[in-house]
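Engineer: Sharing a structure, written as structure tokens. Questions coming.
2 protein chains.
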Amino acid sequence: MGTTGFDAGELATLLDGRWAGIRKQVRDALDGVPLQPGDDLDTESHRAQTLEQLRLLAKSGITDLGFPVAYGGRGDTGGAVVSLEMLAGNLSLMVKAGVQWGLFGGAVVALGTERHHERYLRDIISLDLPGCFAMTETGHGSDVQHLRTTATYDAATQEFVVHTPHEAARKEYIGNAARDGRLAVVFAQLITGDKSHGVHALLVPIRDEAGQALPGVRIEDCGRKAGLNGVDNGRLTFDQVRIPREALLNRYADVDPDGTYRSPIASQSKRFFTMLGTLIRGRISVAGTAGSATKLALEIALRYGDARRQFERPGTGRETVVLDYLAHQRKLLPALAKTFALHFAQEELVSTLHDAPGGEREQRELESRAAGLKAMSTWHATQTIQTCREACGGAGYLAENQLAQLKADTDVFTTFEGDNTVLLQLVAKGLLTNYKDQFDDLGTLGMAKFVADQFVGAVIERTATRSLVQRIIDGSGKDDILDRGWQLKLFDDRERHVLDGLGRRLRKANRENAFEVFNNAQDHVLRAARVHVDRIVLEAFVAAIERCRDRRTAALLNKLCDLYVLSNIEADSGWFLEHERITPRRSKAITEAINALCGQLRPHAVDLVTAFGLPRQWLTAPIATGAEARRQEAQHAQHAHETS
Amino acid sequence: MGTTGFDAGELATLLDGRWAGIRKQVRDALDGVPLQPGDDLDTESHRAQTLEQLRLLAKSGITDLGFPVAYGGRGDTGGAVVSLEMLAGNLSLMVKAGVQWGLFGGAVVALGTERHHERYLRDIISLDLPGCFAMTETGHGSDVQHLRTTATYDAATQEFVVHTPHEAARKEYIGNAARDGRLAVVFAQLITGDKSHGVHALLVPIRDEAGQALPGVRIEDCGRKAGLNGVDNGRLTFDQVRIPREALLNRYADVDPDGTYRSPIASQSKRFFTMLGTLIRGRISVAGTAGSATKLALEIALRYGDARRQFERPGTGRETVVLDYLAHQRKLLPALAKTFALHFAQEELVSTLHDAPGGEREQRELESRAAGLKAMSTWHATQTIQTCREACGGAGYLAENQLAQLKADTDVFTTFEGDNTVLLQLVAKGLLTNYKDQFDDLGTLGMAKFVADQFVGAVIERTATRSLVQRIIDGSGKDDILDRGWQLKLFDDRERHVLDGLGRRLRKANRENAFEVFNNAQDHVLRAARVHVDRIVLEAFVAAIERCRDRRTAALLNKLCDLYVLSNIEADSGWFLEHERITPRRSKAITEAINALCGQLRPHAVDLVTAFGLPRQWLTAPIATGAEARRQEAQHAQHAHETS
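Next comes the structure, spelled out in structure tokens:
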């Protein structure tokens, strides 16, 4: 028990969670390895540095976690996600690692079979074979089911002919493509005879060992980006490129030598979304990394806010520490509370992924959860890092203080691995259709019909923590804003109400007006997804507190949880008041309670954010590492001397 | 009258406003001059390029606007602000120009006298003398009245000794300091005999003609920043640097050869804030430039959104243009409406500055207006450019599409020329004290006493447009959300109510609890300032529509104004419902009306944003200039061919 009034060790253990061992291993493995991001490098130098660092990472022994034991891996899916998110201090490195071992390597594992595993996995793990994940096209970013690249089987030579039919079908923003990748997992419409069987993945070599583009492959450079310039994003265009029949990643479908197409999954759409579902790890990793970047930004801003002084406090002869100002607390502490909430929700999500849900419905729920949490975590990162930059003033704008790079690097997180606005619509559709397996195939019109026929009302899905939550709700007799049962019920109720209202609106759709009805309700659709995720995240926070074994630590977490809940209600108070879920009087009380909680949590802010245990080497900002504090102290000593 | 249903020429004329001549002149002067920002430059190359471009700008004949006619200028203060904001496509250039001709040159004009004007102004205008504005210190950013650099008069040699007493007193983030500046306007505590007379400005040479730092001057480099890397920000430390007595910028105070201090303004604080007040142009320029950057970002995102298609629309065989989606309209069109509103408010502000208010109270109102509008415009820029980036997906992340640079460059606008959170507090204090001239000198304790004694209730200040606004309010019989009178009254009423409530809270303060009472109300203080600015901005929009001579154009502007108002109410619906200013039913109607307005404005979106008339050379993003549209058309033609 420290002087902080809570058990920092217990909190750290709780936050480290199920993969505490992996987290420790990563901290140890990274310690002393020169992985800091480059300073003021041009794009080519930054890419070269990042590749060198990727090689160091490959040697560190933490990049094999997600691969099968049989090929030198450790078969630890959750560990792979957790280890990746701990690279928060060098996001170019994180993304390049994610492309190599997550997207590229992960696709070979998940969509390939023994012939691919045997041939490639060891080289992928060791980085002897750098690769790409070539899905997105210029014309089709979000609507991947309709991408245009083709892979046409030629029975005469037993080859696939991979081809880009027009410029908009070129592969776009492909990580590792502009400089380093040699082999690409290419998603294309598979055609045998004259029949298209939908999107499949194939392994297409794009560069020789000397780094030259192979015949028929045109490689362009996406050039400078807002951030992540250590990652070489490029464009791939294929001109009748021939690859052997065995290059098809054939876990879910195969083509016989004579061109006969076979798949255990009859529906083309279901097959496609089954394949996509196996790749969900990338999306979950982005959510985790967004969380880590947010934590790092908050640690910098809170440490600076805890040392920086500005404006003399009357009667004290000293200036006020900026984190003592309510406005400063209001900027940073609700964001900290939400970061805790998302951390626990992410841990739950990773656990579910790791334990691999058995049924189709469970898989759909996992995918929906991943989509929703990715959207909310990445938006939270964008907003929070922005706020941290502003809270550090001019110092926050200097590269040396890290926030500039964190902001620029994470900015695209809201876009890649699924555009957030599109993802939230998937979440809402899942809720409306109760995760029926046709869901992704429905399209607007089918959706309308489906909802009209079958939607009977919002179903609050069961989660691992649902029984605990129900117990708290049932046990709550108090109608108090700090009563957890009241809070949980309020979030439940909001979700049900929004979803039921949405269902009623969409049932008005028919063949003629389906697009208009859906489009006019789009803001309602997005709200439904958001309040659903809010509820899931709150439940994860509540469950985590239940696991805490130290009374004082739990008390502090309960205050953080209150701050998360009440900030959420305050931000959405228009809805709660409009729907008469809270009274004007209660709304005012909530604002006051938030201010009070900020004051109560403020003394613990730095300890709380430190407990996330980010590897210490990532914290390099002079404003966070004490230089600023020492400078200020010197100034005050001097000032005291001058005026004495 | 075009096919768009409104008169684009009339709209452009209205937007060009009072300085239409200057705007045209700048467009012509910049045409063909190679001022595009560099691509993928390291910091030193970027700085070199920006200095070269600054030289081209000096030759273009538009940088002399703000200087007195007697020294080769044109004496057009408003024109100087407007011309600067038109550099939106290269913000490093804009900021470096702002430092040289706005802050540095402007301070010599405003705080110096003939001896300084005669000696320096021609060289400043021609850029033969590059200079710095050295106010901010490491320890004191926002609280400039308490900066620590000293300028001690030595009567024996008739010199000032400029000195940095400790590290936190070094000048920080000084533009032009790291590389190019030769002379600096340095703000320091002026000491004669043993008496300090508060902060004054002095001209201190920092580099010789060869670019070497002068004896006693230590120059450090702030290094890489999030953006604006064409500007060489640096740190200045002075070690007993001697400058002649005449180097004091002596318009408001002077020191006789024997050390006698003289000033026409008795109060030290009033003198300081009078000096500061003459420098208000810099803050107003930042608001204007933030507006221009926002317009450029919106033009890029709207042009792309108007061409980009994604997801097939059932029954049409074509994909939907993304700007037809309600969610996309919701992202961009309320931001466009607010950009119009802020544009007209900015024009009003520049006009007031240009016409130089006579009285002290009017000057205070101008300063308050500048502070408030700077805060709201720069936050709007940060949010809108972020949204535009996300709305353009992966393409928005590529440097070639400009949004990355716009975001990175404008990010610090919320901080420099006054931290927004601090500025809003100044606005609120002005409102509470009704712009009494002591206001800046009060401090927390004095403020509390002052409010307790004198605050009698919110006063809605008179503006140029107030009589028009009152007429509309008085003439309004309708209680309809689209009735302008109702809207104006609602904004008025919100401001009064928030301010009155704040006054009542602050009156509880006494000597013992003053800090706590103020700090606990800080969110209330910020809200008061925000809703005040919202009201001012709305009134400016209303007045502009009144000036519009074309009926159909006015009708379109009225829709934009409705969207501005209703989006503002929706975002603040928690307050309006909590205070029973709108009913739940009306709140729902407002959401529906916003969606309807988005649909009505959508066909005009590109024409509306184009009417701002940004110099065409700034629009270089391939996604905005048609390449993307052509690519998509090609894709669809191909697709139609394939499936035919």
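Residue numbers (the numbering used here), protein chains in the order written: chain S, 116 to 759; chain Z, 116 to 759.
Backbone N, C-alpha and C define an ideal beta-carbon position, used for all residues, glycine too.
Note that this is a predicted model, so its numbers are computed, not measured.
To which residues of the same chain is Leu171/S closer than 8 Å at the C-beta, ignoring the five residues directly before and after it?
Structural biologist: Mapped onto the first sequence, residue 171/S falls at position 56. Same-chain partners within the cutoff: Val148, Pro149 and Leu150.
Engineer: Listed in chain order, which residues of the stretch 615-644 of chain S have Cβ atoms closer than 7 Å to some Cβ of chain Z?
Structural biologist: Ala629, Phe630, Asn634, Asn635, Gln637, Asp638 and Leu641
Engineer: Starting from Glu200/S and walking both ways along the alpha helix (DSSP H), at which residues does that stretch end?
Structural biologist: Position 85 of the first sequence, counted from the first residue, corresponds to residue 200/S. Annotation: the continuous alpha helix (DSSP H) that includes Glu200/S extends over Thr192 to Glu200.
Engineer: Count the CB pairs spanning the stretch 318-326 of chain S and the stretch 374-387 of chain S that are closer than 8 Å, and state whether there are at least three.
Structural biologist: no
Engineer: Use the C-beta contact count for Asp354/Z: other C-beta atoms within 10 angstroms, 16 or more gives buried, fewer gives exposed.
Structural biologist: Position 239 of the second sequence holds residue 354/Z. So Asp354/Z ends up on the exposed side.
Engineer: Hey, Ile587/S and Val657/S: beta-carbon distance below 8 Å or not?
Structural biologist: In the first sequence, counting from the first residue as 1, residue 587/S sits at position 472. In the first sequence, counting from the first residue as 1, residue 657/S sits at position 542. In contact: Ile587/S and Val657/S (Cβ atoms closer than 8 Å).
Engineer: Per DSSP, what kind of secondary structure is Thr158/S in: helix, strand or coil?
Structural biologist: By one-based count along the first sequence, residue 158/S stands at place 43. Three-state result, Thr158/S: helix.
Engineer: Can you list, in chain order, the stretches of the beta strand (DSSP E) that have 3 or more residues and sit fully within the stretch 415-494 of chain S?
Structural biologist: Fully enclosed beta strand (DSSP E) runs of 3 or longer: 424-427 and 434-436.
Engineer: Listed from N- to C-terminal order along the chain, which residues in the stretch 511-535 of chain Z have their beta-carbon within a distance smaller than 9 Å of any beta-carbon of chain S?
Structural biologist: From the stretch 511-535 of chain Z, only Gly511, Tyr512, Leu513, Ala514, Glu515, Leu518, Ala519, Gln520, Lys522, Ala523, Asp526, Val527, Thr529, Thr530, Phe531, Asp534 and Asn535 have a Cβ closer than 9 Å to chain S.
Engineer: For a quick check, are the C-beta atoms of Ala739/Z and Ala123/Z less than 8 Å apart?
Structural biologist: Residue mapping note: residue 739/Z aligns to position 624 of the second sequence, counting from 1. Residue mapping note: residue 123/Z aligns to position 8 of the second sequence, counting from 1. Contact flag unset, no.
Engineer: Evaluate the contact criterion for the stretch 436-450 of chain Z versus the stretch 409-424 of chain Z: three or more CB pairs, one atom per stretch, below 8 Å.
Structural biologist: yes
Engineer: For the alpha helix (DSSP H) containing Asp589/Z, list its first residue and its last residue.
Structural biologist: Residue 589/Z sits at position 474 when you count from the first residue of the second sequence. That run of the alpha helix (DSSP H) goes Arg581 to Gly590.
Engineer: Could you check the C-alpha separation between Thr118/Z and Gly689/Z for me, to the nearest Å?
Structural biologist: Mapped onto the second sequence, residue 118/Z falls at position 3. Mapped onto the second sequence, residue 689/Z falls at position 574. Caution applies to Thr118/Z, whose pLDDT of 46 falls short of 50 and renders its modelled position unreliable; the value that the coordinates give is listed next. The alpha-carbon atoms of Thr118/Z and Gly689/Z are separated by roughly 41 Å.
Engineer: How would you call Lys211/S, buried or exposed, if buried means at least 16 neighbouring beta carbons within 10 angstroms?
Structural biologist: Residue numbering aside, residue 211/S sits at position 96 when the first sequence is read from its first letter. Buried.
Engineer: How would you write the range of the beta strand (DSSP E) that Ala704/Z sits in, first residue to last?
Structural biologist: In the second sequence, residue 704/Z corresponds to position 589, counting from 1. Going by DSSP, Ala704/Z is part of no beta strand (DSSP E) but of the alpha helix (DSSP H) stretching over Pro699 to Leu716.
Engineer: In its own chain, which residues sit with a C-beta less than 6 Å from the C-beta of Thr404/S, not counting the 5 before and 5 after it?
Structural biologist: For the purposes of this step, residue 404/S is taken as residue 289 along the first sequence, with counting starting at 1. Same-chain partners within the cutoff: Glu200 and Met209.
Engineer: In the DSSP output, which residue or residues are listed as bridge partners for Ile738/S?
Structural biologist: Against the first sequence, residue 738/S aligns to sequence position 623. DSSP lists no partner for Ile738/S.
Engineer: With DSSP as the reference, label Lys593/S as helix, strand or coil.
Structural biologist: Within the first sequence, residue 593/S is the residue found at index 478, counting from 1. Reduced to three states, the DSSP call for Lys593/S is coil.
Engineer: Between His495/S, Ala452/S and Ile399/S, which lies nearest to Glu463/S when the distance is taken from Cα to Cα?
Structural biologist: In the first sequence, counting from the first residue as 1, residue 463/S sits at position 348. Per the Cα distances, Ile399/S.
Engineer: Using the three-state DSSP reduction, which class does Ser382/Z fall into: helix, strand or coil?
Structural biologist: Walking along the second sequence from the start, residue 382/Z turns up at place 267. Of the three classes helix, strand and coil, the one that applies to Ser382/Z here is coil, per DSSP.
Engineer: Are the CB atoms of Leu413/Z and His231/Z within a distance shorter than 8 Å?
Structural biologist: As a first step, residue 231/Z must be located in the second sequence, where it is residue number 116. As a first step, residue 413/Z must be located in the second sequence, where it is residue number 298. Result no, Cβ atoms of His231/Z and Leu413/Z do not sit closer than 8 Å.
Engineer: Check whether the Cβ of Phe388/Z lies closer than 8 Å to any Cβ atom in chain S.
Structural biologist: In the second sequence, residue 388/Z corresponds to position 273, counting from 1. Not closer than 8 Å to any Cβ of chain S, the Cβ of Phe388/Z fails to qualify, so no.
Engineer: Assuming contact is defined by CB atoms lying nearer than 8 Å, are Ala303/S and His315/S in contact in what I supplied?
Structural biologist: As a working note, residue 303/S is residue 188 in the first sequence. As a working note, residue 315/S is residue 200 in the first sequence. Yes.
Engineer: Are Thr435/S and Thr499/S closer than 8 Å when you measure CB to CB?
Structural biologist: Within the first sequence, the letter at position 320 stands for residue 435/S. Within the first sequence, the letter at position 384 stands for residue 499/S. No, they are not a contact pair.
Engineer: In chain S, which residues lie less than 9 Å from Gly256/Z when you measure between Cβ atoms?
Structural biologist: One-based indexing of the second sequence puts residue 256/Z at position 141. Those are Gln425, Gly508, Gly509 and Ala510, listed as they occur along chain S.
Engineer: For Gly689/S, would you say it is in contact with chain Z, using Cβ-to-Cβ distances shorter than 8 Å as the test?
Structural biologist: Looking up residue 689/S in the first sequence gives position 574. So, interface residue.
Engineer: Taking 7 Å as the cut-off, is the CB of Asp470/S close to at least one heavy atom of the ligand FAD?
Structural biologist: By its list of ligands, the structure shown contains no ligand whatsoever, and the ligand FAD lies outside what it can speak to.
Engineer: Going by DSSP, what residue range makes up the beta strand (DSSP E) through Ala266/S?
Structural biologist: Numbered from its first residue, the first sequence carries residue 266/S at position 151. Thr265 to Asp269 is the extent of the beta strand (DSSP E) around Ala266/S.
Engineer: Contact defined as beta carbons within less than 8 Å: I believe Gly221/Z pairs with Gly349/Z. What is the distance between those atoms, to the nearest angstrom?
Structural biologist: Sequence index remark: in the second sequence, residue 221/Z carries index 106 (1-based). Sequence index remark: in the second sequence, residue 349/Z carries index 234 (1-based). Actually they do not touch by this definition, with Cβ atoms about 20 Å apart.
Engineer: Compare the C-beta of Asp157/S with all C-beta atoms of chain Z and state if any pair is closer than 8 Å.
Structural biologist: Sequence index remark: in the first sequence, residue 157/S carries index 42 (1-based). Cβ-Cβ to chain Z under 8 Å: yes for Asp157/S.
Engineer: Does any CB atom of chain S fall closer than 8 Å to the CB of Ala293/Z?
Structural biologist: Numbered from its first residue, the second sequence carries residue 293/Z at position 178. No, Ala293/Z does not count as interfacial toward chain S.
Engineer: Taking contact to mean 3 or more Cβ pairs, one atom from each stretch, closer than 8 Å, check whether the stretch 630-649 of chain Z and the stretch 450-461 of chain S are in contact.
Structural biologist: no
Engineer: If you measure between the beta carbons of Pro152/S and Ser207/S, is that distance less than 8 Å?
Structural biologist: Start at 1 with the first residue of the first sequence, and residue 152/S comes out as number 37. Start at 1 with the first residue of the first sequence, and residue 207/S comes out as number 92. Between Pro152/S and Ser207/S, the C-beta gap is smaller than 8 Å, which places the two residues in contact.
Engineer: Runs of 4 residues minimum, wholly inside the stretch 167-237 of chain Z: which ones carry the alpha helix (DSSP H) assignment?
Structural biologist: You should have 192-200, 206-212 and 220-226.
Engineer: Would Phe554/Z be called buried (16 or more neighbouring beta carbons within 10 Å of its own) or exposed?
Structural biologist: Taking the second sequence and counting its residues from 1, one reaches residue 554/Z at position 439. Any reading at Phe554/Z must be qualified, since the residue scores a pLDDT of 45, below 50, and its modelled position is unreliable; no value is offered.
Engineer: Among residues of its own chain, excluding the 5 on either side of Asp131/S, which ones have a beta-carbon nearer than 6 Å to its beta-carbon?
Structural biologist: For the purposes of this step, residue 131/S is identified with residue 16 of the first sequence, where counting begins at 1. Its chain contains Arg138 as the residues whose beta carbon lies nearer than 6 Å to that of Asp131/S, once the 5 sequence neighbours on both sides are disregarded; these appear in chain order.
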